[in-house]
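Colleague: Take a look at the following structure, please.
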Amino acid sequence: MGYNDDIDRMIEAQDLTLPPEREPQRQYYFIKKCREIVKKESERLGRPLYAKSVCMGCQMNARDSEKLAGILETIGYQMTDSEDADFVIYNTCTVRENANNKVWGRLGYLNTYKKKHPHMKIALCGCMMQEPKVIEKLKASYPFVDLVFGTHNIFKFAELMDVVFAQERIPKGHPVMPFGVSQGMVIDIWNETDKIVENLPVERKYDFKSGVNIMFGCNNFCSYCIVPYVRGRERSRKPQDILREIQQLAKDGVIEVMLLGQNVNSYGKTLKDPITFAELLSEVEKIEGIQRIRFMTSHPKDLSDELIQVMGRSTKICRHLHLPLQSGSSRILKKMNRHYNKEQYLTLVEKIRKAVPDLALTTDIIVGFPGETEEDFQETMDVVKQVGYDSAFTFIYSKRTGTPAAEMEHQVPEDVVKDRFDRLLKEVQHGAAKRAQALTGKVETVLVEELNEQDQALVTGRLSNNFIVHFPGNSDLIGKIVKVKLKECKGFYFYGEAAE
Ligand code: 5AD
Ligand code: SF4
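Residue numbering for the sequence shown follows the numbering used here, beginning at 1454 and increasing consecutively.
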């Protein structure tokens, strides 16, 4: 019996007389109700109903999308790869302006499709929906959208779908609407929540690896970042719930877990019985069947010696640490509200490298933060050279309305930012290639993830340090850990061959 089978039994056992107050039973009620509606509609059309869940953001967003897909499948939709479907949901991101632009662009396409298929349902959720301006724009210019909700209430997805379905059953202009139902776009955005609803269905993208939320929200308020405003205050899941979920995942065949949080290093601080992230990791390590543990994201200001020790002695925690730098200039770091300076960051890196020598370090860097001078930028270049990252996500600063940085003076001109960005990228690539080159000829363990997209005679997998490797093999290897000799470095990936 898998995780979803157990939940399915509870949904089937749910009584449909009245919606319960308690969660998750309330959602089981609505899932069961929606399931009947979808079944009837499918019988009427003589074909299955298709749904597409599109993830547009970070790992957290991807995990949320798996939860949305879990609910859609449990309700009776068949998931499809095409957006020409009966139900399309976009799980949006808003961390940079171009993420928003992508959504506005895609909505134009969906509108054209919906005009030809009026029964299609369009739903939007995720971080971008937490911005009041976005909701105003949707109401004014995108009336064809059926459902809008935010980051705090995705557990309510089935309940909200029931409202959308209820609208459809009522003829347009009908004078009496059921309580809580108005015609038009269904919008449910919460500003904040302390609720964490457990035990809802999840449809995992991979059978053998899974993300696991350990906390939600962020309390750091880095001055450029919109996340604390759209994801709310930091809330940790109880360790028992996390461990139970991972035990169940292991039973279902998962061998790699990625613990997810905006700032995993401050995990557990707000719990009634506080526990550190390092303690949680030690508990996860004990779970039989789990062979690899990853986590994301670490804030340098909160990375403890205890965590470094646990990583150093662990055989399951992967040799990879994502440690966002954002800027190498202590002056800019202060304006970013990051609570560390250049020297502290470099000292931390030194300490980690000493304790875990084979660790791959990756990072996030923002170029063109307000007031960034050439000297500040050179400080960033200096850190990149000194650390030698295995890879780095480089971003051009994007002004986010409502954040303190948006009000700061001396926004850097576009051409200057572009020039710095290009120079940074070159330096990052140079350092990364050097790090990768050093692995050539070694034999490493690889978790095989999929058949290679371009060449089906190859499979693609990841080393413990997150590096990508392609090597000859077939689909039987997917989900297995195998030893591979790294033969040829291609910059960002390796070609290899099985070593046993
Ligand atoms: N502009 C550019 N990059 C940003 N990030 C967060 N906010 C912004 C912004 N306003 C980057 C940070 C963070 C990553 C997820 O996105 O580098 O670590
Ligand atoms: Fe944003 Fe900073 Fe929180 Fe990361 S730690 S989500 S950059 S506010």
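Positions of the beta carbon are idealized from the N, C-alpha and C atoms, including for glycine.
Is S1751 near ligand 1, in the sense that its beta carbon is under 7 Å from a heavy atom of that ligand?
Modeller: The answer is no for S1751.
Colleague: Who are the near neighbours of I1849 in its chain, counting only those whose CB is closer than 7 Å to its CB and skipping five residues on each side?
Modeller: Closer than 7 Å at the Cβ level, and outside the excluded window around I1849, lie V1820, G1821, V1870, F1874.
Colleague: Tell me where the alpha helix (DSSP H) around V1650 begins and ends.
Modeller: Premise fails: V1650 is in no alpha helix (DSSP H) and is neither H nor E.
Colleague: With a threshold of 7 Å, establish whether the CB of F1848 neighbours any heavy atom of ligand 1.
Modeller: The answer is yes for F1848.
Colleague: As a quick exercise: from V1912, I1785, V1896, L1892, pick the residue whose alpha carbon is nearest that of S1928.
Modeller: If we check each option's Cα against that of S1928, V1912 comes out closest.
Colleague: Measuring CB to CB, does R1688 end up less than 8 Å from T1723?
Modeller: Their beta carbons are under 8 Å apart, which means R1688 touches T1723 by this criterion.
Colleague: Whether or not the region 1476-1484 and the region 1509-1519 are in contact is what I'm after, with contact meaning three or more pairs of Cβ atoms, one per stretch, closer than 8 Å; do they touch?
Modeller: Contact between the region 1509-1519 and the region 1476-1484 is absent, because fewer than three Cβ pairs lie under 8 Å.
Colleague: Hey, would you say the C-beta of V1717 is under 7 Å away from at least one heavy atom of ligand 2?
Modeller: No - ligand 2 has no heavy atom lying nearer than 7 Å to the Cβ of V1717.
Colleague: Taking the Cβ atom as the reference point for each residue, do N1918 and H1775 lie within a distance shorter than 8 Å?
Modeller: No, the pair does not count as a contact, with Cβ atoms beyond the cut-off.
Colleague: Closer than 6 Å by C-beta to V1650: which residues in its own chain qualify, once you throw out the five before and the five after it? Chain order, please.
Modeller: Only E1476, P1477, F1608 meet the Cβ criterion.
Colleague: May I ask you to check if the CB of C1508 is nearer than 7 Å to at least one heavy atom of ligand 1?
Modeller: False, no ligand heavy atom lies under 7 Å from that Cβ.
Colleague: Would M1573 and V1598 qualify as a contact pair, given that the criterion is a beta-carbon distance under 8 Å?
Modeller: Their beta carbons are not under 8 Å apart, which means M1573 does not touch V1598 by this criterion.
Colleague: Taking only three categories from DSSP, how would you classify T1893?
Modeller: Reduced to three states, the DSSP call for T1893 is coil.
Colleague: Answer yes or no: do H1792 and K1739 have a C-beta to C-beta separation smaller than 8 Å?
Modeller: For H1792 and K1739, no; Cβs fall outside 8 Å.
Colleague: Between the alpha carbons of F1674 and L1801, how many angstroms are there, rounded?
Modeller: Approximately 22 Å, taken between the alpha carbons.
Colleague: Nearest to L1930 by CA position, among L1939, R1915, K1940, K1943, is which residue?
Modeller: Ranking the options by Cα distance to L1930, first place goes to R1915.
Colleague: Can we count P1823 as close to ligand 4, meaning its CB is less than 7 Å from some heavy atom?
Modeller: This structure simply doesn't include ligand 4; it includes ligand 1 and ligand 2 instead.
Colleague: What I want to know is whether the C-beta of C1671 ends up closer than 7 Å to one or more non-hydrogen atoms of ligand 2.
Modeller: Because some heavy atom of ligand 2 lies under 7 Å away, the Cβ of C1671 counts as near it: yes.
Colleague: At which residue ranges does the region 1486-1537 contain complete beta strand (DSSP E) runs of 3 or more residues, listed in the order of the chain?
Modeller: Segments of the beta strand (DSSP E) lying fully in the region 1486-1537: 1503-1508.
Colleague: Please classify P1571 as buried or exposed, where buried requires at least 16 other C-beta atoms within 10 Å of its C-beta.
Modeller: With fewer than 16 Cβ atoms within 10 Å of its Cβ, P1571 is classed as exposed.
Colleague: Three Cβ pairs or more, each shorter than 8 Å: is that satisfied between the region 1546-1562 and the region 1517-1535?
Modeller: Output reads no: the region 1517-1535 does not touch the region 1546-1562.
Colleague: Under DSSP, the beta strand (DSSP E) around Y1682 begins and ends at which residues?
Modeller: Note, Y1682: premise wrong, no beta strand (DSSP E); alpha helix (DSSP H) at 1680-1684.
Colleague: Please name the residue, chosen from I1818, S1782, C1771, that lies closest to D1811 on a Cα-to-Cα basis.
Modeller: Checking every option, the nearest Cα to that of D1811 belongs to C1771.
Colleague: Would you decide whether E1709 is buried or exposed? Buried here means 16 or more other CB atoms lie within 10 Å of its CB.
Modeller: E1709 is buried by the Cβ-count criterion.
Colleague: Which of helix, strand or coil does DSSP assign to R1853?
Modeller: DSSP places R1853 in coil when its eight states are reduced to three.
Colleague: Sorry if obvious, but does the Cβ on V1869 come closer than 7 Å to a heavy atom of ligand 2?
Modeller: The answer is no for V1869.
Colleague: Just to confirm, is the Cβ distance from I1528 to C1578 under 8 Å?
Modeller: No, Cβ-Cβ distance for I1528 and C1578 is not below 8 Å.
Colleague: Tell me, please, which residues DSSP counts as bridged to V1899.
Modeller: In the DSSP output, where bridge partners are listed per residue, V1899 has L1916, V1935.
Colleague: Measuring CB to CB, does G1765 end up less than 8 Å from A1731?
Modeller: Contact: no.
Colleague: If we define contact as Cβ-Cβ less than 8 Å, is I1818 a contact residue for chain D?
Modeller: Protein chain content of the structure displayed is limited to a single chain, and chain D is not contained in it.
Colleague: Tell me the residue span of the beta strand (DSSP E) that contains S1735.
Modeller: Counting along the chain, S1735 falls outside any beta strand (DSSP E), though it belongs to the alpha helix (DSSP H) covering 1730-1738.
Colleague: Alpha carbon to alpha carbon, how far is S1844 from K1881? Give it in angstroms, no decimals.
Modeller: The sequence shown places Val at residue 1881, not Lys. Cα to Cα, V1881 sits roughly 7 Å from S1844.
Colleague: Starting from the C-beta of V1717, find all residues in its chain whose C-beta is less than 8 Å away, skip the five residues before and the five after it, and write them out in chain order.
Modeller: Only I1667, M1668, F1730, F1748, M1749, T1750, S1751 meet the Cβ criterion.
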